[in-house]
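J.:
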Amino acid sequence: MNVAVKADLTVTMGLMKVGMVLYPGCACCGEILVKDIGFPGKAVDIVMPEIYTYEEKDLMRLPKRAEDGNKGTFGKVAVIAGSQEISGAACLAASAAYRVGSGMVKVYTHKDNRVIVGGYLPEALMKTYQDEKTAVLCAEDACAWADVILIGPGIGTGKEAECMLKTVLEDFKGTIVVDADGLNLLSAHKDLLTAGEISRQTGNISLVITPHIKEMSRLTGKTVAELKEAPIRECRIFAEAETLVCVLKDARTCVSAGGVHTYMNTSGNDGMATAGSGDVLAGMIAGLSAGGISPAEAARLGVYIHGLAGDRAKKRYGKAAMTAGSLIDEIGPVMSSYV
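In terms of numbering that gives the first Met the number 0, the sequence shown has 44 at position 45, counting the first letter as 1, and numbering is strictly consecutive.
(1) Can you check whether the CB of Ile330 is closer than 8 Å to the CB of Ala95?
(2) Which residues does DSSP pair with Cys253 in a beta bridge?
(3) Ignore the nearest five residues each way along the sequence and tell me which others in Gly275's own chain have a CB closer than 8 Å to its CB.
(4) Is it true that the CB of Gly151 sits closer than 8 Å to the CB of Asp178?
(5) Spatial neighbours of Cys162 within its chain, please: C-beta separation below 8 Å, excluding the five flanking residues on both sides.
(6) With a cut-off of 8 Å, do at least 3 Cβ pairs link the region 7-16 to the region 32-39?
(7) Once the 5 residues before and after Asp249 are set aside, which same chain residues still bring their CB inside 8 Å of it?
(8) In chain order, what residues of the same chain have a beta carbon less than 8 Å from the beta carbon of Cys28, not counting five sequence neighbours either side?
(9) Have a look at Val104 and Ile50 and give me their C-alpha separation to the nearest angstrom.
(10) Could you tell me whether the region 294-306 touches the region 110-127, using the rule of 3 or more Cβ pairs below 8 Å?
(11) Would you call Ile175 buried or exposed, if buried means 16 or more other Cβ atoms sit within 10 Å of its Cβ?
(12) In chain order, what residues of the same chain have a beta carbon less than 8 Å from the beta carbon of Asp219, not counting five sequence neighbours either side?
(13) Just mark Asn1 as buried or exposed, buried being the case when its beta carbon has 16 or more other beta carbons within 10 Å.
(14) Are Thr72 and Gly102 touching if we call contact CB-CB under 8 Å?
(15) Do Gly173 and Asp146 have their C-beta atoms closer together than 8 Å?
(16) Quick one: what does DSSP say Ser216 is sitting in, helix, strand or coil?
(17) Is the beta carbon of Leu149 closer than 8 Å to that of Leu164?
(18) Can you tell me which residues form a DSSP beta bridge with Met103?
(19) Can you give me the Cβ contacts of Asn203 inside the same chain, cut-off strictly under 7 Å, excluding the 5 residues immediately before and after it?
(20) Can you look up Met321 in the DSSP assignment and give me helix, strand or coil?
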């Protein structure tokens, strides 16, 4: 037991196998080549592989920008992020939303962050809150203004944050991306997750959640060990049960919108395990969705491009020196040939 060949190259027939994508198996495979041995396309369709990955050619799924478009054409993203003690999350998420092509980004954050966010990202609009009443007003403004709302990075788990999340889930009719502290609030207040359930079931709202393994453990009540044992299954079950898109983040991130098929990401590296990386991903998913892509596709492409940006950053800086800002710098080069 616990003995395996650590190959430089693995050749597999027909289709990639699950153990070649998930750890610890993928660490033993090295470069993987999938060789065609003549499986008929119809046979593959009948079998319906449960897991699929993206290759660089799948970036063609990104919509082409309209040459006669304006800033409204490319979508409006509201980023509800940051708190008295945390300003960086709002900066990173909003910047990432812009870098994937959003036409307008409006940051809703605590008043103490105004100078920092404005200095970091002068392109962003901004509205601030200072108490529970003004926090609700910010959430209502976001619901009226945005095409997509990202809520959660660095907002804390206090009453102000809870009221904003409840308002967004109940009132907003577009795509919502919930990350970080937003997920911690959902775990602590299960009723919030059902706030927009009727709307989701009737197709009026799309909810994307982006938990890492520990956040998923709090959401589901299952242990980290249980989730790591079968991450694809657990991601799929939760997405289907709650009628949402689940982006389960780990060394191998998977994305499920319910049903049989689950996307498994193969781009990226351990240099991306750094503070703020998740804020960047959440901003990317929100920005892509605002550009007209379905929430599920925005999640898949967001995760894939996020990983490709990480791979470029690794070559430029080395894994140990990478920061979340390094990822933002590489988003444009990854996407430039496709949009």
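Every residue gets a Cβ at the ideal spot worked out from N, C-alpha and C, and that includes glycine.
T.: Looking at the coordinates:
(1) yes
(2) Leu247, Met263
(3) Gly87, Ala88, Leu91, Thr322, Ala323, Gly324
(4) yes
(5) Glu131, Ala134, Val135, Ala138
(6) yes
(7) His211, Ile212, Lys227, Pro230
(8) Ala6, Thr9, Met19
(9) 34 Å
(10) no
(11) buried
(12) Residue 219 is actually Thr in this sequence, not Asp. If we look at Thr219 and ignore the five residues flanking it on each side, its Cβ neighbours are Leu226, Glu233, Phe237.
(13) exposed
(14) yes
(15) yes
(16) helix
(17) no
(18) Lys75
(19) Below a pLDDT of 50, predicted positions are generally treated as unreliable, and Asn203, at 49, falls in that range; the measurement from the model is reported next regardless. Excluding positions up to five away in sequence, the list reads Lys172.
(20) coil
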